[in-house]
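Since the structure comes first, as structure tokens, the remarks are kept for the end.
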Amino acid sequence: MFFRPPPVSSRRGYVAVLGTTVAVAGGALIGLPLKGTPGLTLLGVAVLGTGMPHGAVDHLVARRLFGWNDTPGTVLFYAGYLALAALYGIGWWLWPTGALALFLLMAAYHFGQADLAYLTIQRARGRAVLYLSRGLLVVGSPLLARPGAVAPVVDALAGITPPPAGPAWWPAASVAALATQHALVLGAYTRGSDRGRREWFTVPALALLFGAAPPLAAFAVYFGLWHALGHIFVLMRFFRAARERAGGESLSETPRTVRALYRRAALFTLLPLGGLGAVLAARPIRTPEALAALFVLISVLTLPHMLLVERLYWHERRFQHRHERRFQAGTPEEGSSSRSSAGFTANDGGSLEG
83 MFFRPPPVSS
93 RRGYVAVLGT
103 TVAVAGGALI
113 GLPLKGTPGL
123 TLLGVAVLGT
133 GMPHGAVDHL
143 VARRLFGWND
153 TPGTVLFYAG
163 YLALAALYGI
173 GWWLWPTGAL
183 ALFLLMAAYH
193 FGQADLAYLT
203 IQRARGRAVL
213 YLSRGLLVVG
223 SPLLARPGAV
233 APVVDALAGI
243 TPPPAGPAWW
253 PAASVAALAT
263 QHALVLGAYT
273 RGSDRGRREW
283 FTVPALALLF
293 GAAPPLAAFA
303 VYFGLWHALG
313 HIFVLMRFFR
323 AARERAGGES
333 LSETPRTVRA
343 LYRRAALFTL
353 LPLGGLGAVL
363 AARPIRTPEA
373 LAALFVLISV
383 LTLPHMLLVE
393 RLYWHERRFQ
403 HRHERRFQAG
413 TPEEGSSSRS
423 SAGFTANDGG
433 SLEG
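Start counting at 1 in the sequence shown, then tack on 82, and there's your number in the working numbering.
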């Protein structure tokens with residue numbers, strides 16, 4: 083591919099995240115206490131450290147995708163973003179069961195997309211199948227493997243009581259089944275290619291994590307490291323590619339470093355956390371209702387964030403295909419070089435791949 087590797091190194095990041103995942107799973111297997119306060123602490127670190135910040139620069143992404151550098155465009159973005167979040171919040175109030183089902187479906191697709199967009203599956207149906215297969219492993223494992231542990235939160239969210247826990251072998255068997263279906267789908271879509279080689283390490287590690295660790299701890303590790311941190315890598319590459327495409331144009335609003343990205347994300351990280359703090363002020367954080375409130379907050383922010391991320395990947399696929407056609411015709415697109423023609427590396431290594 084005609085692509086110059088980005089300055090953000092993700093290879094060591096991948097190894098570190100993989101090692102952390104295996105370490106947490108191993109700790110659970112040998113009996114380290116990861117339930118209760120330790121699990122909540124991990125979740126809090128994940129949400130504060132990378133979870134909220136990875137979506138708190140969506141306004142900067144929208145500026146680059148839609149060219150909204152003026153006040154009306156900015157107002158339109160914020161109004162649309164907040165309207166979608168508010169509508170979904172109303173949906174939780176009017177029809178919590180449907181809102182929960184939508185959240186699980188959105189989360190499955192969004193997690194799968196963030197993990198596997200680098201495989202560059204050409205057909206939309208193939209991408210959807212692959213992403214949902216990964217999401218089924220990530221989202222389905224806690225629900226199927228440990229229904230008793232998630233039952234209080236699901237009941238607080240939607241008034242649904244999951245079935246009681248099965249026999250002792252059920253958690254391992256259910257996670258193994260979910261991992262197997264995903265391995266088969268991955269094999270079908272990466273046959274004859276070496277692009278998905280790391281998945282043969284990633285999938286067993288995730289299966290071990292969700293099979294061994296309590297649901298909160300497992301979700302915290304996946305959400306904070308695999309998903310949110312991976313998206314921060316993608317954002318840094320996206321902003322770098324945007325600066326390269328702009329040539330001499332000043333793009334002062336695009337962060338050049340991870341530290342700068344966190345500075346730009348600070349306001350929209352603190353605002354939703356402040357709202358959540360107000361909701362939780364009257365109830366202990368350990369209660370199922372408090373955890374339900376946290377997941378509702380995550381869900382209402384996920385809907386507009388997911389739609390914007392979908393647009394981001396569509397934009398990069400379109401840019402890459404257009405540039406490759408021009409390059410093959412001997413007329414590279416003005417303002418870009420063959421070294422950066424593939425845009426950012428969501429299509430050449432993805433999230434934590436590199």
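Every residue, glycine too, gets a C-beta built ideally from N, C-alpha and C.
Which value, in whole angstroms, describes the spacing of the CA atoms of residue i and residue j?
| i | j | result |
| --- | --- | --- |
| Leu-343 | Leu-184 | 30 Å |
| Arg-145 | Leu-166 | 18 Å |
| Glu-281 | Pro-154 | 43 Å |
| Val-382 | Leu-130 | 17 Å |
| Val-127 | Ala-189 | 20 Å |
| Phe-159 | Ala-168 | 14 Å |
| Ala-294 | Arg-345 | 36 Å |
| Ile-380 | Arg-325 | 30 Å |
| Ser-256 | Arg-205 | 30 Å |
| Leu-352 | Thr-384 | 16 Å |
| Ala-233 | Asp-152 | 47 Å |
| Arg-94 | Leu-198 | 18 Å |
| Arg-277 | Gly-269 | 11 Å |
| Arg-393 | Pro-249 | 44 Å |
| Leu-182 | Arg-400 | 33 Å |
| Ala-265 | Val-285 | 7 Å |
| Leu-100 | Leu-187 | 25 Å |
| Leu-219 | Gly-137 | 23 Å |
| Ala-446 | Ile-172 | The structure shown does not extend to residue 446, since the chain is modelled only from 83 through 436, so no value can be given for it. |
Using a threshold of 8 Å, state whether the C-beta atoms of residue i and residue j are closer than that.
| i | j | result |
| --- | --- | --- |
| Ala-107 | Leu-260 | no |
| Val-303 | Leu-164 | no |
| Asp-237 | Leu-390 | no |
| Pro-224 | Ala-110 | no |
| Gly-230 | Ala-247 | yes |
| Arg-203 | Tyr-96 | For the record, residue 203 in the displayed sequence is Ile; it is not Arg. For Ile-203 and Tyr-96, no; Cβs fall outside 8 Å. |
| Ala-347 | Pro-120 | no |
| Thr-132 | Gly-306 | yes |
| His-397 | Leu-212 | no |
Going by other Cβ atoms of all chains shown within 10 Å of its Cβ, with 16 needed for buried, is residue i buried or exposed?
| i | result |
| --- | --- |
| Ala-323 | buried |
| Thr-179 | exposed |
| Pro-115 | exposed |
| Trp-251 | exposed |
| Gln-195 | buried |
| Ile-242 | exposed |
| Gly-113 | exposed |
| Gln-402 | buried |
| Ser-215 | buried |
| Arg-319 | buried |
| Gly-118 | exposed |
Report the option in the options whose CA atom is closest to the CA atom of residue i.
| i | options | result |
| --- | --- | --- |
| Pro-337 | Gly-357, Gly-356 and Phe-315 | Phe-315 |
| Thr-103 | Trp-175, Leu-288 and Arg-345 | Leu-288 |
| Tyr-200 | Gly-274, Glu-335 and Tyr-395 | Tyr-395 |
| His-313 | Asp-237, Met-388 and Val-220 | Met-388 |
| Ala-360 | Ala-375, Leu-307 and Val-236 | Ala-375 |
| Leu-373 | Leu-298, Lys-117 and Ala-210 | Leu-298 |
| Gly-222 | Arg-94, Arg-209 and Gln-263 | Gln-263 |
| Trp-175 | Val-378, Arg-400 and His-397 | Val-378 |
| Val-79 | Leu-317, Phe-193, Leu-147 and Leu-355 | No answer is possible for residue 79: the residues shown for the chain start at 83 and end at 436. |
| Pro-245 | Leu-239, Ala-254, Ala-258 and Ala-227 | Ala-227 |
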